[in-house]
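Working notes, beginning with the structure itself.
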Amino acid sequence: MMQCSAVRPTPEIPPEMTETQRVTFAAGSGLLDRATHLRDMAEDLLHHRRAALLPLFQGQVLIDTAAEEPRLGWVPPLETYLQEATEEPVFLGLSGDTPCFTADFSALDEATVHDQFCDAASFMDLRTVAGNLGPASAAIAATAHGLVTWHLTNPFCSSCGARTQLEHGGWVRICAACDAQHFPRTDAVVILLIVLDDQALLIRKPGATPGRFSLPAGFVEPGETIEDAVRREIKEGTGIDVGDIGYIGSQPWPFPGNLMIGCIGVAETEEIKPNPETIESAQWISRAKVQVILEGKHPRMTLPGSDALARAILIDWSNGDVAAH
């Protein structure tokens, strides 16, 4: 049984909030120096006196619950911890002069994990707590969650089937049998604000929470540009033709490893023909009605939560901050 060590204060990070950082997980690259030039020195950095480790357990992130507000549960990377980790720690980067790592402890039972990481901290679902962490901490947690998930789901070489090993600070897996290199995967998804005059296209997917509508979305397929994917997804899902397309913004989405690409497109046709396999309902909603739904005042319709890029896009559009050109 590991000896319990107190949760460390969160490593120093830049100010948590700016206007451009309000989308969950999209805090920007300047908040944590990924220090790619130091990844091959990760083993040495792990023993740095200020090194900090963010534990994960069965997809959940350790949260310091003793603080006034939830914060990441950083612990010292003690050898007694590391010997129980599923694999070697992954080097996330530098926060000031603090080397930051993450490691997974899913192989342990819950009682053991609780004893290891103290009553002052709890493992919590990242989607549940992300909105209370602040943009910088949420972005760091997203990186940790995405990398750990990738390692857990890709332990073997896709070329020869042999087990692979972490290298380069955990940012590549190497196959000793055939020398193949495997890198973390990110799948691109387009999130689509399709407008027609002063209306936006909202859709409801089969099985969604009752009354929940959102923006259309879909994966970018091999050989497609972003524009191709936007037009194909809307045509396949609703039968609507899309003309001009513009870029709005993006959001890392570590469930398990997506990049959400927000786009605005101008509809060239109005009639909606929902594809029943992917869309239960679709309709044009006025800007004024979107504002009512966002304020929670509509009796039947709701929109995605505050962690979703779709909601941020709809807020900006309803306020007149996003427009087609």
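So that you can map any letter, position 286 of the sequence shown is 273 in our numbering, and since no number is skipped, the others follow by simple counting.
Virtual Cβ for every residue (Gly too), placed ideally from N, Cα, C.
Source: prediction; values computed, not measured.
Residue i, DSSP secondary structure in three states
| i | result |
| --- | --- |
| residue 39 | strand |
| residue 141 | coil |
| residue 166 | coil |
| residue 249 | strand |
| residue 311 | coil |
| residue 22 | coil |
| residue 238 | strand |
| residue 289 | strand |
| residue 60 | coil |
| residue 273 | strand |
| residue 229 | strand |
| residue 93 | coil |
| residue 254 | strand |
| residue 132 | helix |
| residue 70 | coil |
| residue 101 | helix |
| residue 297 | helix |
| residue 126 | helix |
| residue 10 | coil |
Distance between residue j and residue i (C-alpha atoms, nearest Å)
| i | j | result |
| --- | --- | --- |
| residue 251 | residue 65 | 48 Å |
| residue 300 | residue 293 | 11 Å |
| residue 86 | residue 41 | 11 Å |
| residue 47 | residue 171 | 19 Å |
| residue -12 | residue 52 | Any reading at residue -12 must be qualified, since the residue scores a pLDDT of 30, below 50, and its modelled position is unreliable; the value itself is stated next. In a straight line, the C-alpha of residue -12 is about 23 Å away from that of residue 52. |
| residue 310 | residue 256 | 18 Å |
| residue 146 | residue 159 | 15 Å |
| residue 240 | residue 281 | 22 Å |
| residue -10 | residue 22 | Here residue -10 scores only 35 on pLDDT, less than 50, and its place in the model is too uncertain to base an answer on. |
| residue 24 | residue 90 | 20 Å |
| residue 49 | residue 242 | 17 Å |
| residue 20 | residue 88 | 12 Å |
| residue 67 | residue 166 | 32 Å |
| residue 254 | residue 237 | 21 Å |
| residue 45 | residue 227 | 41 Å |
| residue 161 | residue 131 | 20 Å |
| residue 55 | residue 113 | 18 Å |
| residue 198 | residue 289 | 6 Å |
| residue 303 | residue 213 | 21 Å |
| residue 74 | residue 179 | 38 Å |
| residue 150 | residue 43 | 22 Å |
| residue 71 | residue 78 | 17 Å |
| residue 80 | residue 155 | 12 Å |
| residue 325 | residue 305 | Here the chain has residues from -12 to 312 only, and residue 325 is not among them. |
| residue 26 | residue 34 | 14 Å |
| residue 270 | residue 278 | 16 Å |
| residue 12 | residue 284 | 27 Å |
| residue 247 | residue 14 | 14 Å |
| residue 307 | residue 287 | 24 Å |
| residue 104 | residue 276 | 47 Å |
Bridge-paired residues (DSSP) for residue i
| i | result |
| --- | --- |
| residue 111 | 48 |
| residue 302 | Paired residue(s): none; residue 302 is not in a bridge. |
| residue 86 | 81 |
| residue 268 | 191 |
* Asked: What alpha helix (DSSP H) runs, 4 residues minimum, are completely inside the segment 146 to 226?
  -> 213 to 225
* Asked: Counting pairs of beta carbons, one from the segment 256 to 274 and one from the segment 208 to 219, are three or more of them closer than 8 Å?
  -> No, the segment 256 to 274 does not touch the segment 208 to 219.
* Should the segment 114 to 123 be regarded as contacting the segment 136 to 146, the criterion being three or more beta carbon pairs within less than 8 Å? -> Short answer: they don't touch.
* Asked: How do the segment 189 to 208 and the segment 50 to 59 stand: do at least 3 beta-carbon pairs fall below 8 Å, yes or no?
  -> no
* Just checking, does the segment 124 to 134 make contact with the segment 96 to 106 on the three C-beta pairs under 8 Å criterion? -> With a cut-off of 8 Å, the segment 96 to 106 and the segment 124 to 134 do not count as touching, because too few Cβ pairs lie within range.
* Do the segment 230 to 244 and the segment 194 to 205 make contact, defined as three or more Cβ pairs closer than 8 Å? -> no
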